[in-house]
Amino acid sequence: MFFRYGLAAGLMALATNAAQADVFLCPGFGDVDVRITFLEGTNAAVAEFMSGADTPSGPADPVTMRSQPAGDGLHYVGGDLVLRGSDDLAELTSGERTVQCEPEGGDGAGEASAETSGGIGSVGESGGAGESGGESGGESGGETTEESGGDTPGAAGVPALSLGGNLRAGPGVEFADVGGLVRGAAITLLVNTGVVLDGYTWWEIEQANGQISFQWGGVICVPGGGVTGVLDSCE
123 MFFRYGLAAG LMALATNAAQ ADVFLCPGFG DVDVRITFLE GTNAAVAEFM
173 SGADTPSGPA DPVTMRSQPA GDGLHYVGGD LVLRGSDDLA ELTSGERTVQ
223 CEPEGGDGAG EASAETSGGI GSVGESGGAG ESGGESGGES GGETTEESGG
273 DTPGAAGVPA LSLGGNLRAG PGVEFADVGG LVRGAAITLL VNTGVVLDGY
323 TWWEIEQANG QISFQWGGVI CVPGGGVTGV LDSCE
């Protein structure tokens, strides 16, 4: 059985100017495969658990990893996960378990982890707004950008409300749909990812039941305001 990982805090710059793979695939990590997506323009990566991993408390949540000082190599940490290596080969470790990771499309890891859909079971309250609300407008024609200035990526921990819409396994519509929320659902803003779609930021959020996923700020509001990257008002 695979266990749930917590989130790691702290923001460090990646100490290398070398080109970096967008995605690493790490097959055979216990009874799951792990897909690590590096978020361009930020120092963050998202680890997704595939192959239908179940824990005693439900599906494994995606984990946000942050870069750490590592000389000329890669070093990302998130919860109990540690990724170390180079641009073309790395190792993912949790406790005493270590597996080899390769860039997506490379020999070995890519073939073993070809199936990426449905890997993280449904998250959130069923019957949400789905494709018809909020985020769906961005999917049909919005442009996603990663901004390094202004609304700096980082930890938040701010109580907020969702106005409904889809939840994603990562900060963008290219990530798997992992459920939805009903209008007025209480959430907590955990991390501002710095990924912006149509003027609003993608946030890592936590639901009241403890499940973690990502939602677009265009369907999120904060009572009392004061947070950029979300709607100005809950009215």
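Here the sequence shown is numbered in this note's numbering, starting from 123 and rising by one per residue. Beta carbons are placed, not taken as given, at the ideal position from N, Cα and C, and that holds for glycine.
Would you decide whether residue i is buried or exposed? Buried here means 16 or more other CB atoms lie within 10 Å of its CB.
i: R219; result: exposed
i: T426; result: Any question about residue 426 goes unanswered here, given that the chain covers just 123 to 357.
i: A169; result: buried
i: A167; result: buried
i: D299; result: buried
i: G279; result: exposed
i: P149; result: buried
i: G339; result: buried
i: S262; result: Confidence in S262 is poor, its pLDDT being 37 and thus under 50, which makes the residue's placement unreliable; the coordinate value appears in the next sentence. S262 is exposed by the Cβ-count criterion.
Residue i: which of the options sits nearest, CA to CA?
i: C343; options: Q337, S335, F160 and V352; result: V352
i: F297; options: F151, P184 and Q333; result: P184
i: E224; options: N165, R157 and G163; result: R157
i: L283; options: L312, G292 and V221; result: L312
i: F151; options: V317, V204 and Q329; result: V204
i: F160; options: F171, N331, D153 and V145; result: V145
i: G163; options: G292, G316, S208 and A212; result: G316
i: S208; options: S189, G340, S216 and D354; result: S189
i: Q329; options: G346, G306 and L319; result: G306
i: V341; options: P149, G217, E357 and M172; result: E357
i: T358; options: D202, E226 and G227; result: Since the displayed the chain opens at 123 and closes at 357, residue 358 lies outside it and no answer follows.
i: V221; options: V154, M187, T186 and N165; result: V154
i: G301; options: L147, I334 and G339; result: I334
i: M187; options: F171, N165 and M172; result: N165
i: L319; options: N331, G332 and V295; result: V295
i: P345; options: G332, N331 and P281; result: P281
Skipping 5 residues on each side, what residues in its chain have a beta carbon closer than 8 Å to that of residue i?
i: Q337; result: E257, S284, G287, N288, L289, R290, L303, I309, W324, W325 and I327
i: E213; result: L205, R206, G207, T220, V221, Q222 and C223
i: S355; result: C343 and G347
What does a CB cutoff of less than 6 Å around residue i pick up in its chain, not counting 5 residues either side in sequence?
i: P293; result: T315, V317, W324 and F336
Using 7 Å as the cut-off, classify the Cβ of residue i as near or not near the heavy atoms of the ligand ATP, replying yes or no.
i: R219; result: Absence of the ligand ATP from the depicted structure is noted, as is the absence of any ligand whatsoever, leaving it without description.
By Cβ distance, which residues of its chain are closer than 7 Å to residue i, with the 5 residues on each side in sequence left out?
i: G217; result: D202
For the region 312 to 325 against the region 194 to 203, do three or more pairs of beta-carbon atoms, one drawn from each stretch, fall closer than 8 Å, so that the two count as touching? no
Run through the region 206 to 231 for me and flag every whole beta strand (DSSP E) of 3 or more residues, listed as ranges in chain order. You should have 212 to 216 and 219 to 225.
Runs of beta strand (DSSP E) lying entirely within the region 303 to 338, each at least 3 residues, in chain order: The region 303 to 338 contains these whole beta strand (DSSP E) runs: 322 to 329 and 334 to 338.
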